[in-house]
Structures are given as structure tokens and as C-alpha cells.
Amino acid sequence: MIVKMKKITLLCVESERTAALEQLRKLGIMHVDHETKVDTERVHVSEQELEAISKTYNILSGIETARQDAPTLSGEEVCKQAQELLSRQSALEKEQEETGRDIEALLPWGEFSPESVEQLAAAGIHVLFCKAYRKAFDQLELPENTIKAEIALVNKEVYFLLVFAEEPDVSLYPALTLPRKKLSELRVRQDELKQEKQEIADQLAVLAAGVPALKEYFAEKSAQHEFLTNHDGMGSDGAIAYLHGYVPADELANLTEAAHRNGWALIADDPAPDDARVPTLLRKAKWIRIIDPLFDFIGIDPGYRENDVSVFFLIAFPIFFGILIGDSAYGALFIIAALLGKYLLRKKKEAQMPLNLLILLSVFSVIYGLLTGSCMGLRREILPGFLKGLDFLADPGSSPAAVALAKKFQVNPSDLTDKFTQWFCFLLAALHLSAAHFFKYVSDIRNWRSWGNIGWACVIWGNFFTAVNLIVFPGTFPKIFGFALYGVGILLIVVTITGEAALNLPFSLIGSFVDVLSYIRLFAVGLSGVYVASCFNDMGKMVLDSLPKEWFVVGLIGLILVALAGHVLNILLGFMGVLVHAVRLNTLEFSNHAGMQWAGFAYRPFAERNNKNNTQTENNHKEIKK
2 MIVKMKKITL
12 LCVESERTAA
22 LEQLRKLGIM
32 HVDHETKVDT
42 ERVHVSEQEL
52 EAISKTYNIL
62 SGIETARQDA
72 PTLSGEEVCK
82 QAQELLSRQS
92 ALEKEQEETG
102 RDIEALLPWG
112 EFSPESVEQL
122 AAAGIHVLFC
132 KAYRKAFDQL
142 ELPENTIKAE
152 IALVNKEVYF
162 LLVFAEEPDV
172 SLYPALTLPR
182 KKLSELRVRQ
192 DELKQEKQEI
202 ADQLAVLAAG
212 VPALKEYFAE
222 KSAQHEFLTN
232 HDGMGSDGAI
242 AYLHGYVPAD
252 ELANLTEAAH
262 RNGWALIADD
272 PAPDDARVPT
282 LLRKAKWIRI
292 IDPLFDFIGI
302 DPGYRENDVS
312 VFFLIAFPIF
322 FGILIGDSAY
332 GALFIIAALL
342 GKYLLRKKKE
352 AQMPLNLLIL
362 LSVFSVIYGL
372 LTGSCMGLRR
382 EILPGFLKGL
392 DFLADPGSSP
402 AAVALAKKFQ
412 VNPSDLTDKF
422 TQWFCFLLAA
432 LHLSAAHFFK
442 YVSDIRNWRS
452 WGNIGWACVI
462 WGNFFTAVNL
472 IVFPGTFPKI
482 FGFALYGVGI
492 LLIVVTITGE
502 AALNLPFSLI
512 GSFVDVLSYI
522 RLFAVGLSGV
532 YVASCFNDMG
542 KMVLDSLPKE
552 WFVVGLIGLI
562 LVALAGHVLN
572 ILLGFMGVLV
582 HAVRLNTLEF
592 SNHAGMQWAG
602 FAYRPFAERN
612 NKNNTQTENN
622 HKEIKK
């Protein structure tokens, strides 16, 4: 449920601006809204500090902690020392890169003393270090009494010396500017730089144990920055300071009480219909919150005037996951991994919900795999009975009901496995998309134009029968019922449609059919996973069969390695398919039909850290944005 908001203007005496903000933060219910970016000097400095701390945190978090006692340093001290070390490390890396270039430049010339070249020049003997391609080298015109000596040939380029009795015009020759150090000195310096960098890396590994303290320091500085931003962002009119924001309607009484207690004035009103700055606060039943990690991962929030569709995601997403992964063994492995993760991370509360979601999703994969007899791509005949799946789905040729159905539709019984899955995908499409329109109809039921959603639901079901008729079971379109769905649906749409949408109606009708067809992706991706697993199993067996019997153990190891690599790859591809297809069907196809634009942003009240009234504020301090 999306909580109703009240738009607030809080007014206080200018001299009590700081005290008012402190009380408001203790209250922890007002989402502060600054109409323009707060860009004072001290806010800018605070932002830079936070950015530096965040960068330091991210670097230290990626360093393996040294196996010794954690340093007894505050977060500020950890940050300061780490930043000094990182700055020195950066300088060393730059010097190391320059030294490497100098060494590379001197390698063709070998060891010599730059000072001796200068001494020769002082004595009237001028030496140029040159480089040219062979043709240019051979054709080079030189004054009399000039010595040309070839030193090295590297990558078809000649490195050579020119020795003049008089100071030459350097621009006439392909002269090089070389480092003013010996090659041996540069190599020594390079070794010193490596040693110093290693010492810094060791010190950073020790400091990495102070990451928790650094995280707390970041949280403290974030709170200070938020307070500073709100302080400098308050408007002022003479002796009055004011602040705009939003509070949940059911919290307005608490804010009013605090205003009376602290001598503030309040202006509270409903947000304007065109107000796009209203935050979204979602309150969900505990059992629905299991899907929250998905929304956090995608990074989307419904707009304030949109609907909470979490329950639809919770119903559809696990089904899509089950079809896309579609393997009982994979699902069982995920459940074991999730349970192990819950045990190992039992002290990290924030990790429990994502693991619970993984368990739920994996259960659907196990169920789908058990129904269809899909288990790591293994042939059905070698699986135990409980893994073979239902004959009706896994082996329709052995199912009397499936055979009878095949005769009715005049198809080969062996083709029914794919046909059933395709039919089920289209059924999911009809249920999913029509549910979006029914939900939208109920949400806008006071508006008579919402009947257009019933019309679209009718069209969606007409599209279902059409898709099944074209792709799955030809000749099964229910003419009377199907045309009635299209007729009633289009009539309701035409009666209720307005403006530009009417001009786009033909394209919208075609788009609705394409949306139904797009659910076939579940079948295609799931089937590809089965074939990938089966092919890698066969490849592993080929390795075993290609070797003589005395090499059986080697062949068995090869079979296991090939099959293991294939299944790991298949799992990765499966999860990629979930991210691409299962997420898309919810956030694009379903959301479009439900009128969702996901243009909102979360309600984040100005509150003290660990405020019990605001779990979202707590979460804001738990993760540092990278």
C-alpha cells in the first residue's frame, strides 16, 4: 500500500533554526524537500569529504584483511591514514610508470653515463642519440668528420650514434631525448618502488580491519551532511525561517504536537495533482516483503500516484524463475546454498531476506523440474521414479490422456511436451496482463473510463486464443467466444479512450498481441537450458568413451570436469535469463499494462541514525554507494 502524504511547510524563528532541525530529526517523520540544490560552500566541502570517505571505504573493502589484531583506531583515523597511504601509493604508481618508460627508452643503448656525454660536449665532441628506419639511416647525409655508429636494431628501427666535431643543428637529425640517469640506477629505483608499494599494501591490509569503524564514520559524516544541507537549505524571510517537505498523513498529528511543543507554525495540505516531488512510502504485509530484494536490485520505486504491485511480482516472478531455470537438481543446489548462506550470515540481518527469496524461487525450480522430469540434462530413463516427472508432461507418448489429446488436435504425441509448455506460457501471459488491467480497473473504479481496462482484458484473452491457434494447437480458436471477446473489448476501449491514445489505438492493439507472444521467451530460454545441460553431458561421455578401458579413471575425471563446467555455465546463463526475461516481463510488459512508469523515489525522512520509526533511514547508512 502506498501511504498518503501531506505537503508541509514548517516555519520557525530564524534564531532557532538549528534547534528546530534537531527536534525535527529526533521526530524522524518529515521527508525534507529542497526545491533547488543546496550549494553553499560548507555543503560543497562536506560533499567532497563524503566522496573521499566513500572512495576510501570502497578501496579498503576490496582488500583482504591482514591476519593480525584489528587496529584500535577510530573511523576518522583509519580514513586519514588510508588516504595518506593511497595518495602515496598513487604517486609511486605514477613514478613507477615513468621509470618503466625511461628503462624501456635506455634498453637499446645499454649502460652508459649521461655525465660523460655532457663532459664530451664540454670538450667539443657532440654526441647525438638517434633512431630511424633502415632506409632513412642509410640515406642520412652528414657533414665531414662525422662518425655514424649503429648500436642496435629493434623492431626494424636502427638505434645509432652521431658524433660531431662541432655543435650540430639537432633539428636536422632524428635525435632522441634520453633520461638523465643510468640504466642501472633506474632499475635500482624500480626495485625500490616495488618494495615501497608492497609496504604500503601491507599497511593497507592492516587498516582494512578497520572497515567497520570507517563505515560508522561515514554514517556520522552522512548525518552531519544531511543536517548541514537541511540547515543551509531552509528559506528565510526576515526573522522567519521555513522548510518544505512531506509527512505521511497518519503521522501529521505527531508533527502537529511537536509544532505546538516547540513553537513552530505548520501549513499542511494535500499535494497538488501535478506535484512530482511527492515521495513514495510503501507499507507491505510481512509476507510480501520477501520480494523487496528484487526491487532493491532493480532500483525502482512506484510513483506516488501509482499502485503497489508487489503482490503481482511476488506471484509471477517465482513462476517465471521456475520455468527459466526449470531443473530440479539446480533448484535443490540453490536451496542448499541459500540455507548454508543463512547459517554463515546468520548475524547479518540484511542478508536474510535475499536468501529467503532465493529459497522461494528455487522451490519453484524444483517443482517445475519434478513435473517435467528435468534433472541436470540427464535422460529420463536413467532417473529414479520420483524425478522422471509426469508422463503427461515429460513423456506424452506414454500417457493415454496425452495420446487422446494429440489425436484430437491431430499432432504427434511426442510434440506435446513443447506444446504444453508453450500453451502454459501463453496462459501465463493472459493471466498476468489481464490481472494488470483488472487491478487498474479496481484502482480507478470511480472513474467510468476505467471500464476501458475491462476491454483491454477481453482483448488480451482474445490474443491468448489467437496465439494458441497460430502456434500451439491450430484450429482451436473458439470463433464465437473469441470474436465476442474482441468485439466487447474493442467496444469498451473505443467508448472510453481519449485524445492521442485514440490515434494510437491500432498500434496498441497490435502491441497487446505482441506482448502476449513475448511470453514464449520463457519456453525458449528454458528449453535452451535443457539442451545445454544435455549437450555437455554428452560431451563428457564422449571424453569417457574415447579412451581405452585402462584409462577409465582419467576418462571419468574428464567427464566430470566437462559436465561440471557445462552445468556451471548453464546456471550462469540461467540467471542471466532470469535477469533479462523474468524481470522484463514484470517491469515492462506487465507494468505497461498496469500503467506503471516507476517514476517514483523512496520516502526518506530526516531522522537520527537507527531511529526506530524509520527502518529506511537505517538502511541508508548500511551501504555506501559505490
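When we follow the numbering used here, the leftmost residue of the sequence shown carries the number 2, and every step to the right adds one.
Here a beta-carbon is modelled for each residue, glycine too, at the ideal position from N, C-alpha and C.
Nothing here was measured: the structure is a model prediction, and the numbers come from that model.
Closest residue to residue 108 among 88, 73, 130 (Cα-Cα distance):
130
In the DSSP assignment, what residue or residues form a beta bridge with residue 245?
10
Please give the ranges of any beta strand (DSSP E) in the region 212 to 245, keeping only runs that are unbroken, at least 3 residues long and fully inside the region.
236 to 238
Can you tell me whether DSSP reads residue 268 as helix, strand or coil?
strand
Can you pull the DSSP bridge partners for residue 162?
130, 150
Give the range of the alpha helix (DSSP H) segment to which residue 421 is assigned.
417 to 444
Can you tell me which of the three DSSP states residue 412 falls into?
coil
Is DSSP giving residue 644 helix, strand or coil here?
There is simply no residue 644 to check, as the chain begins at 2 and stops at 627 in what is shown.
Would you report the Cα separation of residue 590 and residue 336, rounded to the nearest angstrom?
29 angstroms
Might you give, ordered along the chain, the residues of its own chain that have their beta carbon closer than 8 angstroms to the beta carbon of residue 125, omitting 5 neighbours on each side?
166, 167
8 angstroms Cβ cutoff met for residue 434 and residue 516:
yes
Quick one: what does DSSP say residue 67 is sitting in, helix, strand or coil?
coil
Are there 16 or more other CB atoms within 10 angstroms of the CB of residue 536, so buried, or fewer, so exposed?
exposed
Using the DSSP secondary-structure output, state which residues sit across from residue 176 in a beta bridge.
131
Helix, strand or coil, according to DSSP, for residue 622 in the structure here?
Low confidence applies to residue 622: its pLDDT is 34, below 50, so where it sits in the model is not reliable, and the reading given next is rough at best. In the structure shown, residue 622 sits in a helix (DSSP, three-state: H, G or I).
Relative to the C-alpha of residue 370, which candidate in 172, 20, 360, 387 has its C-alpha closest?
387
Who are residue 628's beta bridge partners in DSSP?
Since the displayed the chain opens at 2 and closes at 627, residue 628 lies outside it and no answer follows.
Hey, how far is the Cα of residue 626 from the Cα of residue 605?
Summary for residue 626: the model assigns pLDDT 35, below 50, so the residue's position carries little reliability; its value from the coordinates is reported in the next sentence. Rounded to whole angstroms, residue 626 to residue 605 spans 16 angstroms at the Cα level.
Considering only residues of the same chain and omitting the five flanking positions on each side of residue 427, which have a CB-CB separation below 6 angstroms?
465, 468, 469
Of the residues 121, 102, 76, the one placed nearest residue 217, counting alpha carbons only:
76
Quick check: what's the CA-CA separation for residue 28 versus residue 257?
11 angstroms
Expressed to the nearest angstrom, what Euclidean distance is found between the alpha-carbon atoms of residue 259 and residue 316?
42 angstroms
When burial is assigned at 16 or more other CB atoms within 10 Å of the CB, is residue 595 buried or exposed?
buried
Could you tell me which of 149, 187, 199 sits nearest to residue 176, measuring between CA atoms?
149
Member of 542, 183, 288 whose CA lies at the smallest distance from the CA of residue 560
542
For residue 552, report the span of its alpha helix (DSSP H) as first-last.
Neither: residue 552 is in no alpha helix (DSSP H) and is coded neither H nor E.
Taking the C-alpha atoms as reference points, what is the distance between residue 575 and residue 345?
25 angstroms
Are the beta-carbon atoms of residue 508 and residue 25 separated by less than 8 angstroms?
no
May I have a chain-ordered list of the alpha helix (DSSP H) segments no shorter than 4 residues that lie completely inside the region 442 to 515?
452 to 468, 480 to 497, 500 to 504
Is there contact between the region 401 to 418 and the region 435 to 450, where contact requires at least three CB pairs shorter than 8 angstroms?
no
Spatial neighbours of residue 51 within its chain, please: C-beta separation below 8 angstroms, excluding the five flanking residues on both sides.
219, 222, 223, 226
Identify every run of the beta strand (DSSP E) within the region 274 to 324, keeping only runs that are complete inside it and at least 3 residues long; order them along the chain.
none
Just to confirm the assignment, what range does the alpha helix (DSSP H) spanning residue 45 have?
42 to 62
Measuring only between beta-carbons, confirm whether residue 511 sits less than 8 angstroms from chain B.
The displayed structure is made up of one protein chain only, and chain B is not part of it.
Restricting to Cα atoms, I'd like to know which of 324, 601, 192 is closest to residue 578.
324
How close, in whole Å, do the beta carbons of residue 583 and residue 318 come, if the pair is a contact with beta carbons under 8 angstroms?
6 angstroms
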